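Visitor: Numbering (UniProt numbering), first residue to last: 1 to 516. C-beta: ideal position from N, C-alpha, C; glycine also. Just so we're clear, the structure is a prediction, and the values are computed from it rather than from any experiment.
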Amino acid sequence: MSVMTFRELTPVSFLERAAAVFADRLAVVEGNLRYTYAQFWARAQRLAGMLADHGVRPGDRVAVLAPNTHVLLEAHYGVPLAGAVLVAVNTRLAAPEIAYILEHSEARMVIVDAECQPVLAEALSGNEKPPTVITSKEYEPLVDKASPLRVEVTDERSMLSINYTSGTTGRPKGVMYHHRGAYLQALAMAYHAKLDTSSRYLWTLPMFHTNGWCFPWAVTAAGAVHRCLRKIDAGEIWRAIRREGITHFCAAPTVLAMLADHPDAATPGPHPVRVFAGGAPPWPALLTRMDALGIDIRHLYGLTETFGPAVVCEWQPEWDSLPAEQRVRLTARQGIANMIAEPVRVVDSAGVDVPADGQTLGEIVLRGNDVMLGYYRDEEATTAASVDGWFRSGDLGVKYPDGYIELRDRIKDVIVSGGENITSVEVENTLTEHPDVLEAAVVGAPHPKWGEVPIAFVVLRSGASTGERELVEFVRARIARFKAPHRVIFREIPKTSTGKLQKNVLRHWATQQEQP
1 MSVMTFRELT PVSFLERAAA VFADRLAVVE GNLRYTYAQF WARAQRLAGM
51 LADHGVRPGD RVAVLAPNTH VLLEAHYGVP LAGAVLVAVN TRLAAPEIAY
101 ILEHSEARMV IVDAECQPVL AEALSGNEKP PTVITSKEYE PLVDKASPLR
151 VEVTDERSML SINYTSGTTG RPKGVMYHHR GAYLQALAMA YHAKLDTSSR
201 YLWTLPMFHT NGWCFPWAVT AAGAVHRCLR KIDAGEIWRA IRREGITHFC
251 AAPTVLAMLA DHPDAATPGP HPVRVFAGGA PPWPALLTRM DALGIDIRHL
301 YGLTETFGPA VVCEWQPEWD SLPAEQRVRL TARQGIANMI AEPVRVVDSA
351 GVDVPADGQT LGEIVLRGND VMLGYYRDEE ATTAASVDGW FRSGDLGVKY
401 PDGYIELRDR IKDVIVSGGE NITSVEVENT LTEHPDVLEA AVVGAPHPKW
451 GEVPIAFVVL RSGASTGERE LVEFVRARIA RFKAPHRVIF REIPKTSTGK
501 LQKNVLRHWA TQQEQP
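(1) Compute the distance between the beta-carbons of V85 and S161, then report whether it is under 8 Å.
(2) Between E156 and E8, which are expected to be in contact by the criterion C-beta below 8 Å, what is the C-beta distance as a whole number of angstroms?
(3) Short of 6 Å in beta carbon distance, which residues of its chain neighbour M372, apart from the five on each side in sequence? Order them along the chain.
(4) What do you get for S105, buried or exposed, if any count of 16 or more other CB atoms within 10 angstroms of its CB means buried?
(5) Looking at the structure shown, is N338 part of a helix, part of a strand, or coil, going by DSSP?
(6) Taking the straight line between their C-alpha atoms, what separation do you get for R25 and Q502?
(7) Using 8 Å for Cβ pairs, my map puts T254 next to K412. What's the rounded Cβ distance?
(8) If the criterion is Cβ atoms closer than 8 Å, does the pair L396 and E426 meet it?
(9) Nearest-angstrom Cα distance between V472 and I422?
(10) Rounded to whole angstroms, how far is the Cβ of V275 from the Cβ of I297, which I believe are closer than 8 Å?
(11) Checking the sheet assignment: what are the DSSP bridge partners for I297?
(12) Which of the three DSSP states, helix, strand or coil, is assigned to S136?
(13) Taking the alpha carbon of L65 as the reference point, which residue from L124, H54, R367, R242 has its own alpha carbon closest?
(14) CA-CA distance, T466 and D436?
(15) Mapping DSSP to helix, strand and coil, what is F482?
(16) Determine the extent of the beta strand (DSSP E) in which Y35 is found, giving its start and end residues.
(17) Tell me the DSSP secondary structure of W213 in three-state form.
(18) Do A252 and L293 have their C-beta atoms within less than 8 Å of each other?
(19) Name the DSSP beta bridge partners of W390, please?
(20) For a test of the three-state rule: what should DSSP assign to N369, helix, strand or coil?
(21) Grouping DSSP H, G and I as helix and E and B as strand, with all else coil, what is Y77?
(22) Does the Cβ-Cβ distance between E428 and W283 come in under 8 Å?
(23) Does C116 come out as helix, strand or coil in the three-state DSSP assignment?
(24) Might you give, ordered along the chain, the residues of its own chain that have their beta carbon closer than 6 Å to the beta carbon of E433, omitting 5 neighbours on each side?
(25) Any chance you could list the alpha helix (DSSP H) runs of at least 4 consecutive residues sitting entirely within the UniProt domain "AMP-binding enzyme C-terminal" (426-500), in chain order?
(26) How is the beta strand (DSSP E) around S13 delimited, first residue to last?
(27) Would you say G278 and H299 are within 8 Å of each other, going by their C-beta atoms?
(28) Please classify N211: is it buried, with 16 or more other beta-carbons within 10 angstroms of its beta-carbon, or exposed?
(29) Between residue 525 and Y139, how many whole angstroms is the CB-CB distance? I'm expecting something under 8 Å.
(30) With Y100 as the anchor, note down where its alpha helix (DSSP H) starts and where it stops.
(31) Distance, Cα to Cα, H192 vs L15?
(32) Rank V79, Y301, K173 by C-alpha distance to the C-alpha of L407 and give the top, closest one.
(33) Tell me which residue opens and which closes the beta strand (DSSP E) that P206 is part of.
(34) Report yes or no: do the stretch 180-189 and the stretch 214-231 share at least 3 C-beta pairs separated by less than 8 Å?
(35) Are the CB atoms of S393 and L361 nearer to each other than 8 Å?
(36) Note down the Cα distance separating E439 from M290, rounded to an integer number of angstroms.
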């Protein structure tokens with residue numbers, strides 16, 4: 001009797017299938033460039049061959065320093081096809097930060113986009129054994145002439161990629177992804193986003209950020225179109241929606257705020273667009289504005305360590321009949337575990353689940369197939385991130401009776417004022433209810449009497465002129481007075497490359513403001 005054999009799970013298999021069943025369907029669009037799925041698969045295999053021609057062997061790390069282009073998209077397939085490990089590098093990092101990542105990951109090769117060559121050259125200037133560098137000018141002819149290669153995955157829990165955290169509190173950590181997790185997470189994203197062959201996905205989320213939440217593989221699994229976008233431009237996003245039929249994209253709330261405040265947002269788009277929003281909790285007022293523009297937002301929550309979104313705010317049909325304000329409040333929560341993750345827990349300092357009452361704070365902990373292997377070359381940090389086999393998120397939240405969780409703050413961002421805890425998210429959401437406020441960020445600053453007091457940084461909508469006193473009173477009228485900002489500072493809010501608020505920078509600014 002013959003024995004059936006099964007291949008190990010790997011997200012690369014989605015492209016192999018797409019090339020077979022969607023061969024002539026459009027796969028990739030970038031400017032005037034167009035690739036079918038058959039062409040996409042052929043290019044990925046030749047990229048693997050090119051890597052091998054340049055000395056890359058299974059297990060080697062291959063870094064890519066490029067914006068959202070077809071090159072970085074192809075690397076999500078070509079690098080693992082060579083048996084190598086992908087290291088997608090944040091294009092907005094400074095040279096010393098890039099140098100650290102390349103050294104720490106022990107990258108053997110770097111594929112670099114033309115616009116990133118100067119910073120890469122600076123990063124490699126002091127490297128005694130620099131990796132091989134392939135420029136975007138060299139890339140196309142080298143791929144074209146290479147022979148196709150495919151190294152089979154023999155262990156689905158082997159390393160697929162290393163994704164570096166933002167490093168806001170120290171050196172970035174290298175999060176190790178495995179093939180199995182990326183495969184299953186891509187399926188979860190395709191399912192929750194409702195991707196299919198009619199979908200056109202716009203690359204607004206950086207692919208270098210947690211492998212673009214696994215959408216490089218999810219979009220391919222659905223046989224949808226990848227529309228590459230080199231940089232965020234609100235006008236270009238609106239044009240893509242209206243002229244190219246974009247149906248899906250992912251973005252941080254700050255990007256959505258840019259879209260809502262753009263002149264092209266005067267009228268809704270021609271068709272509904274489904275958007276996954278993450279990176280920070282969306283403020284309810286923003287959800288209301290986007291809904292009026294035909295943008296259907298589903299919030300989600302996750303970390304680099306969880307392959308991106310581990311939690312999705314799934315819509316429940318019984319919400320349809322609720323008042324609009326109540327619906328918005330429900331959808332502003334972070335949600336429930338995605339289809340491949342274990343149910344999310346919220347625990348106290350002893351690791352015991354807190355009551356599911358929507359009020360009791362605890363730390364969000366996660367477990368499942370979409371949790372990292374660990375931190376590359378950092379066993380101490382890997383051990384510290386786990387409690388009884390569950391990943392410690394470092395985020396405070398509450399759990400509701402319906403199982404949905406709501407993020408309240410990073411543990412380090414909670415403001416303790418006069419012995420009372422103030423969650424910055426609550427104050428931020430209240431500020432953004434004001435019709436003149438586009439964005440708000442709240443941090444704690446030292447105070448001689450209260451220990452800490454909340455300081456708000458606010459960006460007003462175009463043409464608005466609301467003042468500090470009015471906003472402080474606006475908050476006091478809606479939540480406890482002690483939670484209201486001690487100061488309101490009107491200035492641009494610094495963000496990471498993925499749209500997260502840089503609260504470490506804001507805390508420094510706030511401290512300077514409060515010094516006598």
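Guide: Straight from the coordinates:
(1) Here residue 85 is taken as the residue at index 85 of the sequence shown, counted from 1. Here residue 161 is taken as the residue at index 161 of the sequence shown, counted from 1. Going by C-beta atoms, V85 is nearer than 8 Å to S161.
(2) Within the sequence shown, the letter at position 156 stands for residue 156. Within the sequence shown, the letter at position 8 stands for residue 8. Indeed they touch by this definition, with Cβ atoms about 4 Å apart.
(3) To locate residue 372, count along the sequence shown from 1; it is residue 372. Only V175, M176, E305 meet the Cβ criterion.
(4) Sequence index remark: in the sequence shown, residue 105 carries index 105 (1-based). Classification for S105: buried.
(5) Residue 338 sits at position 338 when you count from the first residue of the sequence shown. DSSP places N338 in coil when its eight states are reduced to three.
(6) Residue 25 sits at position 25 when you count from the first residue of the sequence shown. Residue 502 sits at position 502 when you count from the first residue of the sequence shown. Looking at the two C-alpha atoms, the distance is approximately 41 Å.
(7) As a working note, residue 254 is residue 254 in the sequence shown. As a working note, residue 412 is residue 412 in the sequence shown. Incorrect: roughly 20 Å between the Cβ atoms, too far for contact.
(8) On the sequence shown, residue 396 is found 396 positions in, with the first residue counted as 1. On the sequence shown, residue 426 is found 426 positions in, with the first residue counted as 1. Against a cut-off of 8 Å, the Cβ pair of E426 and L396 comes out as no contact.
(9) What you label residue 472 is simply residue 472 of the sequence shown in a count that begins at 1. What you label residue 422 is simply residue 422 of the sequence shown in a count that begins at 1. When rounded, the distance between both Cα atoms is 15 Å.
(10) Looking up residue 275 in the sequence shown gives position 275. Looking up residue 297 in the sequence shown gives position 297. Separation of the CB atoms of V275 and I297 is rounded to 5 Å, and the pair is thereby assigned contact status at 8 Å.
(11) Walking along the sequence shown from the start, residue 297 turns up at place 297. I297 is bridged to V275.
(12) Counted from its first residue, the sequence shown places residue 136 at position 136. Of the three classes helix, strand and coil, the one that applies to S136 here is helix, per DSSP.
(13) In the sequence shown, residue 65 corresponds to position 65, counting from 1. Among L124, H54, R367, R242, the Cα nearest to that of L65 is on L124.
(14) On the sequence shown, residue 466 is found 466 positions in, with the first residue counted as 1. On the sequence shown, residue 436 is found 436 positions in, with the first residue counted as 1. Taking the straight line joining both Cα atoms gives about 7 Å.
(15) Against the sequence shown, residue 482 aligns to sequence position 482. In this structure, F482 counts as helix in the three-state DSSP scheme.
(16) Taking the sequence shown and counting its residues from 1, one reaches residue 35 at position 35. DSSP places Y35 inside the beta strand (DSSP E), whose first and last residues are 33-36.
(17) For the purposes of this step, residue 213 is taken as residue 213 along the sequence shown, with counting starting at 1. Helix, per DSSP.
(18) Walking along the sequence shown from the start, residue 252 turns up at place 252. Walking along the sequence shown from the start, residue 293 turns up at place 293. The Cβ atoms of A252 and L293 do not sit closer than 8 Å to each other.
(19) Position 390 of the sequence shown, counted from the first residue, corresponds to residue 390. Answer by DSSP bridge pairing, in chain order: V387.
(20) Locating residue 369 in the sequence shown gives position 369, counting from the first residue. Coil.
(21) By 1-based counting over the sequence shown, the position of residue 77 is 77. DSSP places Y77 in helix when its eight states are reduced to three.
(22) Translated into the one-based positions of the sequence shown, residue 428 becomes position 428. Translated into the one-based positions of the sequence shown, residue 283 becomes position 283. Using a Cβ distance threshold of 8 Å, E428 and W283 count as a contacting pair.
(23) To locate residue 116, count along the sequence shown from 1; it is residue 116. C116 falls in the helix class under three-state DSSP.
(24) To locate residue 433, count along the sequence shown from 1; it is residue 433. Close CB contacts of E433 within its chain, under the 6 Å cut and outside five residues either way in sequence, are with A285 (chain order).
(25) Counting only runs of 4 or more, we get 468-476.
(26) The residue given as residue 13 occupies position 13 in the sequence shown. For S13, no beta strand (DSSP E) segment is defined; the enclosing uninterrupted segment is the alpha helix (DSSP H) at 12-21.
(27) Reading the sequence shown from its first residue, position 278 is the one you call residue 278. Reading the sequence shown from its first residue, position 299 is the one you call residue 299. Yes, Cβ-Cβ distance for G278 and H299 is below 8 Å.
(28) On the sequence shown, position 211 is the one that residue 211 refers to. It counts as buried.
(29) In this structure the chain extends from 1 to 516, so residue 525 is not present and cannot be described.
(30) On the sequence shown, residue 100 is found 100 positions in, with the first residue counted as 1. Per DSSP, Y100 belongs to the alpha helix (DSSP H) from 95-105.
(31) The residue you call residue 192 lines up with position 192 of the sequence shown. The residue you call residue 15 lines up with position 15 of the sequence shown. Answer to the nearest angstrom: the Cα atoms are 20 Å apart.
(32) As a working mapping, residue 407 is identified with position 407 in the sequence shown. The option with the nearest alpha carbon to L407 is Y301.
(33) By 1-based counting over the sequence shown, the position of residue 206 is 206. In the DSSP annotation of this structure, P206 is not part of any beta strand (DSSP E), being labelled neither H nor E.
(34) In short, these stretches touch, since the Cβ pair count reaches three.
(35) Looking up residue 393 in the sequence shown gives position 393. Looking up residue 361 in the sequence shown gives position 361. Not closer than 8 Å, so no.
(36) As a first step, residue 439 is located in the sequence shown; it is residue number 439 there, counting from the start. As a first step, residue 290 is located in the sequence shown; it is residue number 290 there, counting from the start. Rounded to whole angstroms, the separation of the alpha carbons of M290 and E439 is 14 Å.
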